[in-house]
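In the numbering used here, the protein residues as written are 23 to 117. Everything below concerns the one structure shown next.
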(Lines of atoms letter the chains of each structure in order from A; the text may use other names.)
(Lines give C-alpha, C1' and ligand atoms only; values in the text may rest on other atoms or scores of the structure.)
Protein backbone atom coordinates (compact mmCIF):
# COMPACT_ATOMS: atom_id res chain seq x y z
CA UNK A 23 0.00 0.00 0.00
CA UNK A 24 1.37 3.36 -0.99
CA UNK A 25 1.27 6.16 1.59
CA UNK A 26 1.98 9.18 -0.56
CA UNK A 27 0.25 11.81 1.55
CA UNK A 28 0.77 15.57 1.36
CA UNK A 29 0.24 15.92 5.11
CA UNK A 30 3.32 16.38 7.28
CA UNK A 31 3.81 13.46 9.62
CA UNK A 32 4.67 14.41 13.20
CA UNK A 33 5.87 11.85 15.67
CA UNK A 34 5.91 12.07 19.46
CA UNK A 35 9.56 13.09 19.59
CA UNK A 36 8.87 16.07 17.33
CA UNK A 37 5.93 17.14 19.48
CA UNK A 38 8.04 16.92 22.63
CA UNK A 39 10.79 19.01 21.01
CA UNK A 40 8.25 21.60 19.83
CA UNK A 41 6.57 22.01 23.21
CA UNK A 42 9.87 21.95 25.09
CA UNK A 43 11.31 24.79 23.02
CA UNK A 44 8.11 26.83 23.34
CA UNK A 45 7.72 26.32 27.10
CA UNK A 46 11.39 26.89 27.91
CA UNK A 47 11.44 30.12 25.89
CA UNK A 48 8.46 31.37 27.87
CA UNK A 49 9.88 30.28 31.22
CA UNK A 50 13.31 31.77 30.60
CA UNK A 51 12.60 34.97 28.71
CA UNK A 52 9.22 36.12 30.08
CA UNK A 53 10.64 37.27 33.44
CA UNK A 54 13.36 39.15 31.57
CA UNK A 55 10.84 40.92 29.34
CA UNK A 56 8.54 41.80 32.23
CA UNK A 57 11.46 43.22 34.20
CA UNK A 58 12.25 45.42 31.19
CA UNK A 59 8.73 46.86 31.36
CA UNK A 60 6.99 44.81 28.66
CA UNK A 61 3.45 43.80 29.59
CA UNK A 62 2.92 40.15 30.41
CA UNK A 63 0.34 39.58 27.65
CA UNK A 64 2.53 41.13 24.95
CA UNK A 65 5.57 39.23 26.24
CA UNK A 66 3.68 35.94 26.05
CA UNK A 67 2.47 36.78 22.56
CA UNK A 68 5.95 37.73 21.36
CA UNK A 69 7.79 34.81 22.92
CA UNK A 70 5.24 32.18 21.98
CA UNK A 71 5.05 33.31 18.36
CA UNK A 72 8.84 33.45 17.97
CA UNK A 73 9.52 30.20 19.83
CA UNK A 74 6.81 28.25 18.05
CA UNK A 75 7.94 29.45 14.62
CA UNK A 76 11.57 28.64 15.44
CA UNK A 77 10.66 25.21 16.81
CA UNK A 78 8.40 24.36 13.89
CA UNK A 79 11.00 25.51 11.36
CA UNK A 80 13.71 23.50 13.12
CA UNK A 81 11.61 20.35 13.27
CA UNK A 82 10.39 20.45 9.71
CA UNK A 83 13.57 21.70 8.06
CA UNK A 84 16.34 20.10 10.10
CA UNK A 85 14.72 16.97 11.49
CA UNK A 86 12.42 15.99 8.64
CA UNK A 87 14.39 17.50 5.71
CA UNK A 88 11.40 19.37 4.33
CA UNK A 89 13.27 21.52 1.78
CA UNK A 90 15.23 21.24 -1.42
CA UNK A 91 17.08 24.57 -1.51
CA UNK A 92 17.99 27.42 0.81
CA UNK A 93 15.54 29.71 -0.94
CA UNK A 94 12.70 27.29 -0.30
CA UNK A 95 13.78 26.98 3.36
CA UNK A 96 13.80 30.78 3.73
CA UNK A 97 10.34 31.14 2.21
CA UNK A 98 9.04 28.29 4.35
CA UNK A 99 10.47 29.90 7.51
CA UNK A 100 8.88 33.26 6.63
CA UNK A 101 5.48 31.66 6.04
CA UNK A 102 5.71 29.63 9.26
CA UNK A 103 6.60 32.80 11.17
CA UNK A 104 3.59 34.64 9.73
CA UNK A 105 1.21 31.77 10.49
CA UNK A 106 2.53 31.31 14.04
CA UNK A 107 2.33 35.04 14.73
CA UNK A 108 -1.22 35.26 13.39
CA UNK A 109 -2.38 32.23 15.36
CA UNK A 110 -0.75 33.49 18.58
CA UNK A 111 -2.37 36.90 18.06
CA UNK A 112 -5.74 35.25 17.60
CA UNK A 113 -5.30 33.11 20.72
CA UNK A 114 -4.04 35.96 22.90
CA UNK A 115 -6.15 38.91 21.86
CA UNK A 116 -9.18 37.87 19.79
CA UNK A 117 -10.53 34.79 21.56
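Don't be surprised by glycine CBs; every beta carbon is placed ideally from N, CA and C.
In this structure, residue 97 sits away from residue 73, with a CB-CB distance that is not shorter than 9 Å.
For a cut-off of 8 Å, the C-beta gap from residue 61 to residue 102 is around 25 Å, too long to register as a contact. Around the beta carbon of residue 40, 16 or more other beta carbons lie within 10 angstroms, which makes this residue buried.
In this structure, residue 70 lies near residue 47, with their beta-carbon atoms less than 9 Å apart.
The continuous alpha helix (DSSP H) containing residue 65 extends over residues 62-79.
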